[in-house]
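Keeping their order, the protein sequence lines are chains A and B.
Per the numbering used here, the very first residue in the first sequence carries number 5; after that it's consecutive.
Per the numbering used here, the very first residue in the second sequence carries number 5; after that it's consecutive.
Working notes, structure below.
Number of protein chains: 2
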Amino acid sequence: MKFSLTILGSSSAVPTASRNTTAHVLNVHERFFLIDCGEGTQIQFRKFRIRFGRVHQIFISHLHSDHILGLFGYLATQTLIGRKKEIEIFGPPDLERFVRNHFSLFPESLPLKIVFHPLDSIGVSKIFEDKAVEVSSFQVRHRIPTWGFIFREKLGDRSLLIQEPRSYVYCTDTLFEPSLSDIITGCDLLYHEATYGHAELNRAVSTFHSTAKQAAELAKLAEVKQLLIGHFSARYKDTAPLLAEAREVFPNTIEAIDGLSIDIPVVFHAEQ
Amino acid sequence: MKFSLTILGSSSAVPTASRNTTAHVLNVHERFFLIDCGEGTQIQFRKFRIRFGRVHQIFISHLHSDHILGLFGYLATQTLIGRKKEIEIFGPPDLERFVRNHFSLFPESLPLKIVFHPLDSIGVSKIFEDKAVEVSSFQVRHRIPTWGFIFREKLGDRSLLIQEPRSYVYCTDTLFEPSLSDIITGCDLLYHEATYGHAELNRAVSTFHSTAKQAAELAKLAEVKQLLIGHFSARYKDTAPLLAEAREVFPNTIEAIDGLSIDIPVVFHAEQ
Chain A
5 MKFSLTILGS SSAVPTASRN TTAHVLNVHE RFFLIDCGEG TQIQFRKFRI RFGRVHQIFI
65 SHLHSDHILG LFGYLATQTL IGRKKEIEIF GPPDLERFVR NHFSLFPESL PLKIVFHPLD
125 SIGVSKIFED KAVEVSSFQV RHRIPTWGFI FREKLGDRSL LIQEPRSYVY CTDTLFEPSL
185 SDIITGCDLL YHEATYGHAE LNRAVSTFHS TAKQAAELAK LAEVKQLLIG HFSARYKDTA
245 PLLAEAREVF PNTIEAIDGL SIDIPVVFHA EQ
Chain B
5 MKFSLTILGS SSAVPTASRN TTAHVLNVHE RFFLIDCGEG TQIQFRKFRI RFGRVHQIFI
65 SHLHSDHILG LFGYLATQTL IGRKKEIEIF GPPDLERFVR NHFSLFPESL PLKIVFHPLD
125 SIGVSKIFED KAVEVSSFQV RHRIPTWGFI FREKLGDRSL LIQEPRSYVY CTDTLFEPSL
185 SDIITGCDLL YHEATYGHAE LNRAVSTFHS TAKQAAELAK LAEVKQLLIG HFSARYKDTA
245 PLLAEAREVF PNTIEAIDGL SIDIPVVFHA EQ
């Protein structure tokens with residue numbers, strides 16, 4: 005049973021020749037969840053051979069261009085290829101108006117049925133659940149209202165097999181916020197933005213972003229199993245120093261690269 | 005003195021793993037003109053190492069997603085990278101409302117100065133001119149109002165050197181329209197859409213598109229020097245049959261491929 009994350013975009017703000025803006029796809033038992041949707045996300049689906057039809061839920065963290073511009077093309081294509089099944093979109097309250105407004109201006113209609121679920125929680129709240137996964141949202145600290153997401157595997161009868169449920173936490177865009185460690189404690193994979201290196205701490209703070217070192221500090225505080233950093237500023241032609249900086253604090257850190265897939269393996273409880 | 009076209013996107017409607025939706029960049033004496041702006045155009049600029057700062061005029065043929073979705077990210081990035089110089093956009097009358105509406109919904113503002121020039125001509129009319137080039141628009145026949153563009157080199161004093169002015173005609177999306185041959189007659193390079201192979205003529209007609217054979221027929225009628233076909237339906241995994249079909253009618257045909265650059269060489273009049 006898969007629990008696997010694929011990176012579709014790892015750049016912040018503006019894309020580079022090798023990094024699109026943010027989008028992730030999480031595969032939980034062959035159910036696919038799209039998280040953020042930067043420009044060109046539908047192109048990355050084609051490149052990395054992920055089938056659109058497998059995605060029924062989309063989660064949007066906040067309303068900055070580099071996290072949502074791909075949504076229009078993604079949805080327009082769903083319509084063009086004849087998708088009938090509805091799509092659920094979880095995102096900031098203004099997202100529905102934003103998307104409907106866009107399509108109302110377009111000569112093409114949007115026959116695709118979309119159900120919007122506005123995020124409005126302050127604390128952690130469950131926003132979606134199916135047979136395989138439970139998803140919760142929580143607020144992070146950015147210039148505009150922004151949410152992180154926790155995806156937690158549901159095992160049903162398999163929990164009898166002393167298998168541990170796996171979890172993925174998505175945390176961008178945000179200031180370093182140590183109080184989040186309670187929420188994400190012990191997760192298998194934490195994605196945390198690392199827009200800047202720590203030498204640019206002032207810039208990170210003034211733009212409500214984090215440094216690679218801070219991402220690692222949160223991972224350490226929360227005792228997560230693995231840290232994935234991304235959302236790199238386009239100023240870093242070489243991101244190796246950011247990865248090194250994070251690993252100094254939290255050795256089990258990897259770097260987001262477009263097309264990278266990370267399988268989170270099944271872990272069994274040690275027998276008592 | 006360059007007169008060179010670069011293809012940024014050659015797919016119609018939906019992008020594929022190797023073809024973005026439509027965008028072309030024409031370099032006339034190191035002045036760059038962007039023609040249509042499908043999703044991911046700014047990413048193609050990075051990949052093919054074209055500098056944004058060189059583009060001051062954008063030409064938009066019509067308001068279908070696959071020709072304009074990249075405009076929002078393209079303009080947002082100009083703002084982010086601190087562009088000060090204004091951008092002129094020539095396009096359908098509704099385009100200004102469309103772009104301004106999009107940015108008004110966004111938390112980010114659009115400090116970039118944009119001057120919109122609505123296209124409203126029925127016949128051929130000059131819409132732009134600078135030292136290097138003169139641009140005219142003309143209507144083609146699609147489901148919604150759609151314009152083609154003629155870029156004609158200006159030579160100034162160089163015309164004394166018996167050098168011939170070069171020309172590029174952009175013609176998409178459109179039905180086969182033989183009456184256009186008068187307008188585009190003798191141009192150096194004609195880009196004409198070839199969404200379908202001729203076996204799909206009925207589908208081409210019902211969707212107001214052309215076949216590869218029809219594109220070639222227009223090129224032959226208009227006695228152009230070279231034909232470039234593109235805007236291929238994503239149904240064609242292999243576009244070689246479309247190219248072959250066009251070459252049967254008009255041998256000097258080439259196929260649009262993302263990243264392809266076509267230099268139009270200087271031609272001198274034979275001395276009398």
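The beta carbon of each residue, even a glycine, is placed where N, CA and C say it ideally should be.
Exercise for the section: Please list the partners that Q46 of chain B has in chain C, where partner means a Cβ-to-Cβ separation under 8 Å. Expected result: This model lacks chain C altogether; the protein chains it does include are A and B.
Problem - Neighbouring residues, chain B, relative to R50 of chain A (Cβ below 7 Å) - result: The residue you call residue 50 of chain A lines up with position 46 of the first sequence. Per Cβ cutoff of 7 Å: P19, T20, A21.
Handout entry: Contact belief for G277 of chain A with G74 of chain A at Cβ below 8 Å, rounded distance in angstroms
Key = Outside the displayed range of chain A (5 to 276) lies residue 277 of chain A, so it cannot be described from this structure.
Exercise for the section: Using only alpha-carbon positions, find the residue among A:F110, A:V173, A:H121, A:T20 that is nearest to S8 of chain A. Expected result: The sequence position of residue 8 of chain A within the first sequence is 4, counting from 1. Checking every option, the nearest Cα to that of S8 of chain A belongs to A:V173.
Problem - Presumed contact (8 Å Cβ cut-off) between A208 of chain B and S14 of chain B, rounded CB distance - result: Position 204 of the second sequence, counting from 1, holds the residue named residue 208 of chain B. Position 10 of the second sequence, counting from 1, holds the residue named residue 14 of chain B. About 17 Å; that fails the 8 Å criterion.
Exercise for the section: Could you check if L165 of chain A is buried or exposed, using at least 16 other CB atoms within 10 Å of its CB as the buried criterion? Expected result: For the purposes of this step, residue 165 of chain A is identified with residue 161 of the first sequence, where counting begins at 1. When all chains shown are included, L165 of chain A counts as exposed.
Problem - Selection of the segment 73–96 of chain B by Cβ proximity to chain A, strictly under 8 Å - result: L73, G74, F76, G77, A80, T81, L84, I85
Exercise for the section: Measure from the alpha carbon of H202 of chain B to the alpha carbon of each residue in B:H60, B:F180, B:L38, then state which is nearest. Expected result: In the second sequence, the residue the question calls residue 202 of chain B occupies position 198. The candidate whose alpha carbon is nearest that of H202 of chain B is B:F180.
Exercise for the section: Would you kindly work out how many angstroms separate the C-alpha atoms of V137 of chain B and D262 of chain B, rounded to a whole number? Expected result: Here residue 137 of chain B refers to the residue found at position 133 when the second sequence is read from its first residue. Here residue 262 of chain B refers to the residue found at position 258 when the second sequence is read from its first residue. Their Cα atoms are separated by approximately 25 Å.
Handout entry: Meets three-Cβ-pair contact criterion under 8 Å: the segment 63–79 of chain B and the segment 49–66 of chain A
Key = no
Exercise for the section: Pick out the complete beta strand (DSSP E) segments inside the segment 203–233 of chain B, 3 residues or longer, and give them in chain order. Expected result: none
Practice task
Measuring only between beta-carbons, confirm whether L109 of chain B sits less than 9 Å from chain A.
Solution key: Working through the second sequence from its first residue, we reach residue 109 of chain B at position 105. So yes, L109 of chain B belongs to the interface.
Handout entry: 7 Å Cβ cut-off: residues of chain B touching F102 of chain A
Key = Numbered from 1 along the first sequence, position 98 holds the residue referred to as residue 102 of chain A. Residues of chain B passing the Cβ test: L109.
Handout entry: Spatial neighbours of M5 of chain A in its chain, beta-carbon cut-off 6 Å, leaving aside the 5 residues before and after
Key = Working through the first sequence from its first residue, we reach residue 5 of chain A at position 1. Once the five neighbours on either side are set aside, the close Cβ partners of M5 of chain A are H33.
Exercise for the section: Just the C-alpha distance for D177 of chain A and L231 of chain B, rounded to the nearest angstrom, thanks. Expected result: The residue you call residue 177 of chain A lines up with position 173 of the first sequence. The residue you call residue 231 of chain B lines up with position 227 of the second sequence. Cα to Cα, the separation comes out at about 47 Å.
Problem - Contacts of S69 of chain B in chain A (Cβ-Cβ under 8 Å) - result: By 1-based counting over the second sequence, the position of residue 69 of chain B is 65. Simply F76, G77, A80, F110, E112.
Handout entry: For V18 of chain A, the nearest candidate out of B:D40, B:T26, B:A244, B:F49 (CA to CA)
Key = For the purposes of this step, residue 18 of chain A is taken as residue 14 along the first sequence, with counting starting at 1. Ranking B:D40, B:T26, B:A244, B:F49 by Cα distance to V18 of chain A puts B:F49 first.
Handout entry: Contact under 9 Å by Cβ, I154 of chain B with A198 of chain B
Key = For the purposes of this step, residue 154 of chain B is taken as the residue at position 150 of the second sequence. For the purposes of this step, residue 198 of chain B is taken as the residue at position 194 of the second sequence. Not in contact: I154 of chain B and A198 of chain B (Cβ atoms no closer than 9 Å).
Problem - Separation of F254 of chain A from E204 of chain A, as counted between CA atoms - result: Taking the first residue of the first sequence as position 1, residue 204 of chain A is located at position 200. Taking the first residue of the first sequence as position 1, residue 254 of chain A is located at position 250. Their Cα atoms are separated by approximately 19 Å.
Exercise for the section: Using three-state DSSP, classify V277 of chain A as helix, strand or coil. Expected result: Given a span of 5 to 276 for chain A in the structure shown, any question on residue 277 of chain A remains unanswerable.
Practice task
Under 9 Å between beta-carbons, which chain A residues line up against N105 of chain B? List them in chain order, please.
Solution key: The residue you call residue 105 of chain B lines up with position 101 of the second sequence. Here the neighbours are N105, H106, L109.
Problem - Proximity test, Cβ basis, 9 Å: Q276 of chain A and chain B - result: Position 272 of the first sequence, counted from the start, is the residue given in the question as residue 276 of chain A. Residue confidence is low: Q276 of chain A scores 49 on pLDDT, short of 50, so the model does not pin down where it sits. No coordinate-derived value is stated.
Exercise for the section: With a threshold of 8 Å, establish whether the CB of H28 of chain B neighbours any heavy atom of the ligand NAP. Expected result: Of the ligands one can find in the structure shown there are none, so the ligand NAP has no counterpart to examine.
Problem - First through last residue of the beta strand (DSSP E) which encompasses I11 of chain B - result: To locate residue 11 of chain B, count along the second sequence from 1; it is residue 7. Per DSSP, I11 of chain B belongs to the beta strand (DSSP E) from 7–13.
Practice task
Just the C-alpha distance for E252 of chain B and F212 of chain A, rounded to the nearest angstrom, thanks.
Solution key: Start at 1 with the first residue of the second sequence, and residue 252 of chain B comes out as number 248. Start at 1 with the first residue of the first sequence, and residue 212 of chain A comes out as number 208. The alpha-carbon atoms of E252 of chain B and F212 of chain A are separated by roughly 60 Å.
Problem - Secondary structure of I266 of chain B, DSSP reduced to three states - result: Along the second sequence, one-based indexing puts residue 266 of chain B at 262. Three-state DSSP puts I266 of chain B in a strand.
Problem - Closer than 9 Å to chain B by CB, N24 of chain A - result: Numbered from its first residue, the first sequence carries residue 24 of chain A at position 20. Yes, contact with chain B.
Exercise for the section: Given a cut-off of 9 Å, decide if I54 of chain B and F36 of chain B are closer than it, judged by their beta-carbon atoms. Expected result: Here residue 36 of chain B refers to the residue found at position 32 of the second sequence. Here residue 54 of chain B refers to the residue found at position 50 of the second sequence. Yes, these two residues count as a Cβ contact at 9 Å.
Problem - Strand pairing of Q143 of chain B, partner residues [DSSP] - result: For the purposes of this step, residue 143 of chain B is taken as the residue at position 139 of the second sequence. DSSP output for Q143 of chain B lists B:W151 as bridge partner(s).
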